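Here's the structure we're looking at; comments come further down.
Residue numbers (this note's numbering): 15 to 692.
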C-alpha cells in the first residue's frame with residue numbers, strides 16, 4: 015500500500031513538473047524540425063492508453079508520442095525520435111516506462127522514462143513495423159508484433175530474448191495474460207495463437223474468425239480471451255483460454271473491430287469499430303448492454319481508466335472521454351488530424367486552413383491554436399482555397415465543392431460536379447471557380463466553370479482524355495491552365511477556346527502555378543520533374559530535376575524569386591527561379607507533402623503533410639506587400655497610395671494581392687492589418 019502511494023505521489027510530482035514546462039512553452043513549439051517556427055496540429059492519432067495510476071494519457075501519433083494530463087487534457091510532453099508513425103504505446107505495470115512501436119520506415123520499439131521523457135533504449139530487429147506492444151504483468155518483458163513473428167525483449171537491458179514463430183502473415187496484436195504465463199497474438203492469417211510466455215513454446219491456435227484478427231485482450235481473471243476482426247468478419251469472439259473453445263460470438267458492429275478491452279472489474283467488454291461506435295457487452299453472457307455514439311470516424315483505440323468509471327476512445331482526429339455509467343461524453347485532446355491534403359492562408363495572413371478527413375481546421379497563426387472546425391464533407395477535404403477577398407473558403411471533396419463563410423464558418427453553398435473532382439482554382443477576381451474532373455469511363459475529363467455568387471455552372475469544357483490533376487489561372491485571369499497525364503493545356507478563360515498544348519512531362523501533372531508576374535508557368539509531375547514554361551508562347555524554358563519520384567505540390571514566393579516544391583518523401587525543395595539552382599531543402603514531414611502556400615509577405619511557408627500536421631517554415635523574408643510604401647508601418651499613407659492607383663494594371667505597389675489590377679480588394683487587405691509594424 016505504501017509503495018503504491020509513493021508511486022502515485024511520485025508520478026503526480028513529475029506530472030506537475032511536465033505541466034509546468036508545458037505552460038512555459040506552447041506545444042506548437044515542441045520538437046520542431048530545423049527551420050520551422052510552429053507546428054499546427056498534432057498528427058494522426060493511432061493508439062491511446064492510460065498510465066497505471068490514471069493521471070496521464072499517452073497517444074501514439076504520426077509525429078511521436080504525446081503525453082497529456084488525464085484530468086485537464088493539457089499537453090505535458092511530446093516524445094520524438096521515431097522516423098515513422100507510432101502505431102502502438104504501452105505503459106509498464108509500475109508506470110515508470112513507456113514503450114512505443116513504430117511502423118514501416120522505422121520498425122523499432124523505443125523505451126522511454128515515463129516520468130522524465132528520457133529515451134532509454136531502442137529495440138531493433140523488426141523488419142515490417144510494430145503494430146502492437148505489450149508488457150508482461152511483472153514488467154520484465156516486452157512483446158512486440160513483427161512480420162509473422164513476436165519478439166520478446168528484456169525491459170531493463172533492452173536485450174532481445176526470444177522470437178516466437180508460427181503465424182503465416184503479419185502479427186497485428188499481442189497481449190499477456192494477467193498471470194504472465196500466456197501470450198496471445200492475433201494475425202492477418204485470421205488466427206490467434208497462444209504461447210507459453212516463459213518458455214516461448216507454442217500452445218494452441220484459435221480458429222473461427224474469417225478475416226484479420228486486429229485486437230486481442232485477456233479478461234482480468236485470465237480465463238477468457240476476447241478478439242476483434244476485420245471487415246469480412248466484423249465480430250468479437252470470446253474464447254476459453256484453458257481449452258481453446260469458442261464461447262460466444264458478439265455481433266452488432268457493421269465494420270471492423272480495431273480495439274477490444276475489458277473493464278478493470280471484468281464485468282464489461284468494450285469494442286471499438288470502424289462504424290464509429292463503441293459497444294459495451296456483458297463479459298460473461300456476451301449480451302449487448304449499450305452503444306456509445308459520438309464519433310464521426312472510425313474508432314481506432316479504446317482504454318478504461320484504472321477505476322473503470324471512464325473510457326477514452328481515439329479516432330482519426332478526435333478523442334472522447336466517456337462516463338461509462340451515463341454514456342455522456344466530451345471531446346478532449348484536440349488538435350490531432352488525419353492526412354492534411356491541403357493548406358491555405360487567408361489573404362490577411364492571420365489564419366491557415368488545413369483540409370483533412372471530413373474536417374477543415376482553421377488555425378490562428380499567432381497562437382498556433384485551432385480557432386474553428388468546419389465539418390460536413392463525407393470524405394477528405396482535398397483542396398482548400400480562400401477567395402481573393404477572404405470572405406469565402408472553398409473546399410473540394412470527392413464530387414462536390416463546398417463554399418464556407420469565413421467569419422462564421424457557415425456552409426453557404428454546395429457545387430455538385432456530377433463526377434469526381436481532381437482540382438479547383440479561383441479566378442483572380444473571385445467571380446469564377448474552375449474545377450477539373452477525373453476521367454470517366456469514356457476517357458473524358460472536363461473543366462467546369464462556376465459562378466461563385468449564384469453557384470451555377472457557367473461553362474463545361476471537354477479538356478483531356480485523362481484526369482485533370484491541376485488547374486490554375488494566369489495572374490491577369492485571361493488564361494486557364496489544366497494539367498493531365500503528360501500534357502498541359504491552355505484555355506481562353508472567357509470563351510473556353512483551346513489556345514495551345516504543352517508537352518514534356520511523362521507522368522501526371524499534379525501541380526500548376528503561375529509566377530506572380532504572370533510570365534512563367536511552373537508544372538510539377540509524378541515523373542519527378544518541374545518544368546518552367548513561358549506563359550505567353552508556351553515555350554519550355556527550364557527543367558528542375560527533383561529525383562524524388564513524385565512532385566506533388568508547388569508554390570511561388572510572392573516576389574517570384576523562389577519556387578517551393580513538395581515531394582513524396584517528406585521533403586520541400588526551394589529553387590532559385592532565375593538560375594534553376596536548388597537553394598535549400600526543408601525536412602520535417604513524415605510522408606507526402608501534399609500542399610504548399612506562402613504567406614502574403616513571403617516570410618512564412620506553410621506545408622500540409624500526410625502525417626496530419628501543418629508546418630510553418632521561416633523562410634527568407636521578402637518585402638511586406640501590405641506596407642505599400644515600405645516605411646515599416648501600415649497606415650493612412652499606404653491606403654492613400656493604393657487608392658491613388660485604383661483601376662490601374664501591373665502596378666507592383668498598389669496591387670498587393672497580385673491579381674493584375676488595383677481595386678477595392680487591395681484596399682481591404684491593407685486596411686485589415688492597419689497599424690501593424692514590420
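Cβ atoms here follow ideal geometry from the backbone N, Cα and C, with glycine treated the same way.
Owing to the predicted nature of the structure, the values given are computational and were not obtained by experimental measurement.
I think residue 267 touches residue 289, with their Cβ atoms under 8 Å apart; what is that distance to the nearest whole Å?
5 Å
Return yes when the Cβ of residue 545 is within less than 7 Å of the Cβ of residue 557, no when it is not.
yes
Quickly, what does DSSP pair residue 431 with across the bridge? List them, please.
Answer by DSSP bridge pairing: none, since residue 431 is not bridged.
Neighbour-count burial assignment, residue 248, 16 or more Cβ in a 10 Å radius
buried
Between the Cα of residue 292 and the Cα atoms of 206, 315, 301, which residue gives the shortest distance?
315
Using a Cβ-Cβ cutoff of less than 7 Å, which residues in the same chain neighbour residue 510 once the five nearest sequence positions on both sides are dropped?
473, 475
Going by DSSP, name the residue or residues bridged to residue 605.
DSSP, once it has assigned bridges, lists no residue as partnering residue 605.
Determine the contact status of residue 494 and residue 483, defining contact as a CB-CB distance below 7 Å.
no
Just to confirm the assignment, what range does the alpha helix (DSSP H) spanning residue 654 have?
650-658
Span of the alpha helix (DSSP H) holding residue 680?
678-686
According to DSSP, residue 14 sits in a beta bridge with which residue or residues?
Since the first residue shown for the chain is 15 and the last is 692, residue 14 is missing from the structure and cannot be characterised.
One question on the structure: do residue 396 and residue 452 come within less than 7 Å of each other, judged by their Cβ atoms?
no
Taking 8 Å as the threshold, find out whether the region 435-451 comes into contact with the region 409-417 through three or more Cβ pairs.
yes
On the criterion of 16 or more Cβ atoms from any shown chain inside 10 Å, does residue 688 qualify as buried, or is it exposed?
exposed
Test item: CB-CB of residue 591 and residue 567 under 7 Å:
no
Candidates 507, 46, 65, 64: closest to residue 57 by CA position
46
Beta-carbon separation (whole angstroms), residue 400 vs residue 370, contact threshold 8 Å
About 17 Å; that fails the 8 Å criterion.
Given residue 363 as reference, the closest of 522, 656, 620 once Cα atoms are compared:
620
Quick check: the region 109-128 against the region 64-78, are at least 3 beta-carbon pairs closer than 8 Å?
yes
For residue 145 versus residue 101, is the C-beta distance shorter than 7 Å?
yes
Leaving out five residues on either side along the sequence, give the residues of the same chain with a beta carbon under 7 Å from the beta carbon of residue 160.
140, 141, 142, 144, 185
Hey, quick one: how far does the beta strand (DSSP E) through residue 456 stretch, first residue to last?
It is not in any beta strand (DSSP E) - residue 456 carries neither H nor E in the DSSP assignment.
Do you know offhand how far residue 569's Cα is from residue 50's?
17 Å
I'd like to know if the region 623-633 and the region 645-656 are in contact, where contact means that at least 3 CB-CB pairs between them fall below 8 Å.
no
By how many angstroms is the C-alpha of residue 496 removed from the C-alpha of residue 540?
15 Å
Residue 43 by DSSP, collapsed to three states: which one?
helix
Determine the extent of the beta strand (DSSP E) in which residue 142 is found, giving its start and end residues.
No beta strand (DSSP E) holds residue 142; DSSP gives it neither H nor E.
Between residue 30 and the rest of its own chain, which residues show a CB-CB distance below 8 Å, the 5 nearest in sequence each way excluded?
With a pLDDT of only 41 at residue 30, under the threshold of 50, the placement of this residue in the model should not be trusted; the figure read from the coordinates follows. Around residue 30: no qualifying Cβ.
Measuring CA to CA, which of 408, 512, 444, 308 is closest to residue 489?
444
Less than 8 Å between C-beta atoms, sequence neighbours within five positions excluded: which residues of the same chain meet that for residue 378?
364, 365, 384, 385
Looking at the secondary structure, which residues open and close the beta strand (DSSP E) in which residue 62 lies?
59-64
From residue 198 to residue 524, what distance separates their C-alpha atoms?
46 Å
Give the DSSP bridge partners of residue 488, in chain order.
Beta-bridge pairing links residue 488 to no other residue.
Confirm, please, whether the CB-CB distance from residue 622 to residue 605 is below 7 Å.
no
Taking the alpha carbon of residue 599 as the point to measure from, which residue in 578, 170, 663 has its own alpha carbon closest?
578
I want to know whether the region 177-194 touches the region 207-219 - three or more CB-CB distances under 8 Å.
yes
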